[in-house]
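Enquirer:
Residue numbers (the working numbering): 3 to 457.
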């Protein structure tokens, strides 16, 4: 994104240097258009805020919905399904909006919507009202997804896998802070804690508005083109990239399986732990015990996330390999919840949490290599759209199984989904490496030309 530097440093620009050629800004120098923080600092701040503000709100919300309101498994996952449906339908359009109107605008709008949804989420216990705030939050999330990575990639002029993985590390550190704050605040009130995180999200939005500039954004079509025409053109470009790249096609399918597993497990993990004897006499006690358990998971996972950042910074070829490894580890961790031991289940949930968080960062970096600058946010949105489809369809299906049969059987189905995702990702990696050895780019797109062509 740097308008003055972007043409010269954008790895996808025909006039720019070859891919992976780093410029001074990529080496950590301060960018003049983002003040003392710099584009990397802003990007990592977004990751930390995402972990702290959304993570703290999420754990308070999970306890409020599960313990205080006593929602059934179907109602719990229904909240996630509503969010997934909105995200599914909004992902591609919002990605196009970010590529046409600017990533900064998309990010600021996203944080505003999510902050308002967090602020108002506990004002009513009625399921319909709860769904309304889920819809608002999902719209914000859809606007945000992919836009931050697209923004920083163009801003620094290179595709930095290590930076994208460090984003996940910053998010984990933020989760530690957010969960700690949630534990402290919920001793007073769980609903007030949820609203407080909404206020903080809006405050972070204000900080971003004064700190985050966008000098390098260059729409994929000329500025004189009508906006609707520009959006259609950008959408077509992004869809062409996904259709032409075998790697992205495989990741689309893998993301659908991951989405199905994630929505069910994220909503039902506390239900399963309570079946195994996890203490939950009241909401405040549950926030304390579950929060401490979650913090332990994050602390244990930080060294692994840092190690992955170091590995992919040194060798970007490690990115897809580690992505597959994290999916396998997530499946192993999820399997631990099928037993009858609470301690083993907590350890397994920790492994699964660390692995899925790492896969999110590694998957984003893997995707980033396959997207041209002009449609990068759109391509990210297509992959998130696939995950949304999995959440909406598979997540609700697993919830029905958990409701009609048992929560444990629901987790068996979730494990099958995670295993399928790992198999598909491994097959995609194998095929892409063979293509690379044969001299065919694994993305299916020549990043040195703007046109999209088949492999």
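Every residue, glycine too, gets a C-beta built ideally from N, C-alpha and C.
What is the rounded straight-line gap between the Cα of residue 256 and the Cα of residue 424?
Expert: The residue given as residue 256 occupies position 254 in the chain shown. The residue given as residue 424 occupies position 422 in the chain shown. About 7 Å.
Enquirer: Among 327, 383, 422 and 432, which one has its Cα closest to the Cα of residue 142?
Expert: What you label residue 142 is simply residue 140 of the chain shown in a count that begins at 1. For the residues 327, 383, 422 and 432, the minimum Cα distance to residue 142 belongs to 383.
Enquirer: Give the list of continuous alpha helix (DSSP H) stretches no shorter than 4 residues that lie fully inside the segment 145 to 228.
Expert: The qualifying runs are 149 to 158, 163 to 187 and 192 to 213.
Enquirer: Can you name the start and end residues of the alpha helix (DSSP H) that residue 41 belongs to?
Expert: Numbered from 1 along the chain shown, position 39 holds the residue referred to as residue 41. Residue 41 -> alpha helix (DSSP H) spans 40 to 51.
Enquirer: If we count the other Cβ atoms within 10 Å of its Cβ and call it buried at 16 or more, is residue 385 buried or exposed?
Expert: Locating residue 385 in the chain shown gives position 383, where the first residue counts as 1. Residue 385 is buried by the Cβ-count criterion.
Enquirer: Should residue 359 go down as buried or exposed, given a rule of 16 or more other Cβ atoms within 10 Å for buried?
Expert: Counted from its first residue, the chain shown places residue 359 at position 357. Under this definition residue 359 is a buried residue.
Enquirer: Starting from residue 265, trace the alpha helix (DSSP H) in both directions and tell me its first and last residue.
Expert: The count along the chain shown starts at 1 and reaches residue 265 at position 263. Its alpha helix (DSSP H) spans residues 248 to 277.
Enquirer: Skipping 5 residues on each side, what residues in its chain have a beta carbon closer than 7 Å to that of residue 422?
Expert: Within the chain shown, the letter at position 420 stands for residue 422. For residue 422, where only same-chain residues beyond five positions count, the Cβ hits under 7 Å are 259.
Enquirer: So does the segment 197 to 207 actually touch the segment 109 to 118, counting three or more Cβ pairs closer than 8 Å?
Expert: Enough Cβ pairs lie closer than 8 Å, so yes.
Enquirer: What are the uninterrupted segments assigned as alpha helix (DSSP H) that are 4 or more residues long and contained completely in the segment 55 to 81, given in chain order?
Expert: If we require 4 residues or more, the alpha helix (DSSP H) runs fully inside the segment 55 to 81 come out as 57 to 65.
Enquirer: Would residue 400 be called buried (16 or more neighbouring beta carbons within 10 Å of its own) or exposed?
Expert: Residue 400 sits at position 398 when you count from the first residue of the chain shown. That one is buried.
Enquirer: Please name the residue, chosen from 55, 196, 81 and 214, that lies closest to residue 104 on a Cα-to-Cα basis.
Expert: Walking along the chain shown from the start, residue 104 turns up at place 102. Nearest option by C-alpha distance: 214.
Enquirer: Within this structure, are the beta carbons of residue 157 and residue 305 separated by less than 7 Å?
Expert: Counting from 1 along the chain shown, the entry for residue 157 is found at position 155. Counting from 1 along the chain shown, the entry for residue 305 is found at position 303. Their beta carbons are not under 7 Å apart, which means residue 157 does not touch residue 305 by this criterion.
Enquirer: Cα separation between residue 368 and residue 72?
Expert: Position 366 of the chain shown, counting from 1, holds the residue named residue 368. Position 70 of the chain shown, counting from 1, holds the residue named residue 72. Looking at the two C-alpha atoms, the distance is approximately 40 Å.
Enquirer: Just to confirm the assignment, what range does the alpha helix (DSSP H) spanning residue 360 have?
Expert: Position 358 of the chain shown, counted from the first residue, corresponds to residue 360. That run of the alpha helix (DSSP H) goes 344 to 370.
Enquirer: How is the alpha helix (DSSP H) around residue 322 delimited, first residue to last?
Expert: Counting from 1 along the chain shown, the entry for residue 322 is found at position 320. Residue 322 -> alpha helix (DSSP H) spans 320 to 337.
Enquirer: Output the distance between the C-alpha atoms of residue 312 and residue 164, rounded to the nearest integer angstrom.
Expert: For this step, residue 312 is matched to residue 310 along the chain shown. For this step, residue 164 is matched to residue 162 along the chain shown. Distance between the alpha carbons of residue 312 and residue 164 is about 7 Å.
Enquirer: Using alpha carbons as the reference points, say which of 281, 381 and 392 lies closest to residue 95.
Expert: Within the chain shown, numbered from 1, the residue matching residue 95 stands at position 93. For residue 95, the nearest C-alpha among the options comes from 381.
Enquirer: Have a look at 182, 178, 149 and 179 and flag the residue whose alpha-carbon is nearest the alpha-carbon of residue 166.
Expert: Along the chain shown, one-based indexing puts residue 166 at 164. Nearest C-alpha to residue 166: 149.
Enquirer: Cβ atoms of residue 398 and residue 326: under 7 Å apart, would you say?
Expert: Translated into positions along the chain shown, residue 326 becomes position 324. Translated into positions along the chain shown, residue 398 becomes position 396. Cβ atoms of residue 326 and residue 398: not closer than 7 Å.
Enquirer: On a CA-only basis, which of 323, 281 and 415 is nearest residue 336? Give me that one, please.
Expert: Counted from its first residue, the chain shown places residue 336 at position 334. Here the closest residue by C-alpha is 415.
Enquirer: Exposed or buried, residue 68, counting other C-beta atoms within 10 Å across all chains shown (16 or more means buried)?
Expert: Taking the chain shown and counting its residues from 1, one reaches residue 68 at position 66. Looking at its Cβ environment, which holds 16 or more other Cβ atoms inside 10 Å, residue 68 is buried.
Enquirer: Tell me whether residue 225 is buried or exposed, calling it buried when 16 or more other Cβ atoms sit within 10 Å of its Cβ.
Expert: One-based indexing of the chain shown puts residue 225 at position 223. Caution applies to residue 225, whose pLDDT of 44 falls short of 50 and renders its modelled position unreliable; the value that the coordinates give is listed next. With fewer than 16 Cβ atoms within 10 Å of its Cβ, residue 225 is classed as exposed.
Enquirer: Just to check my reading of the structure: residue 187 and residue 50 have Cβ atoms closer than 8 Å, yes? What is that Cβ distance to the nearest angstrom?
Expert: For the purposes of this step, residue 187 is identified with residue 185 of the chain shown, where counting begins at 1. For the purposes of this step, residue 50 is identified with residue 48 of the chain shown, where counting begins at 1. Wrong, their Cβ atoms sit about 19 Å apart, outside the cutoff.
Enquirer: Please report the residue range of the alpha helix (DSSP H) in which residue 110 lies.
Expert: What you label residue 110 is simply residue 108 of the chain shown in a count that begins at 1. That run of the alpha helix (DSSP H) goes 105 to 122.
Enquirer: From which residue to which residue does the alpha helix (DSSP H) around residue 394 run?
Expert: Counting from 1 along the chain shown, the entry for residue 394 is found at position 392. Counting along the chain, residue 394 falls outside any alpha helix (DSSP H), and DSSP gives it neither H nor E.
Enquirer: So for residue 317, helix, strand or coil by DSSP?
Expert: Locating residue 317 in the chain shown gives position 315, counting from the first residue. Correct three-state label for residue 317: coil.
Enquirer: Evaluate residue 370 with the Cβ neighbour count: other Cβ atoms within 10 Å of its Cβ, from every protein chain shown; 16 or more gives buried, anything less gives exposed.
Expert: If you number the chain shown from 1, residue 370 lands on position 368. That one is buried.
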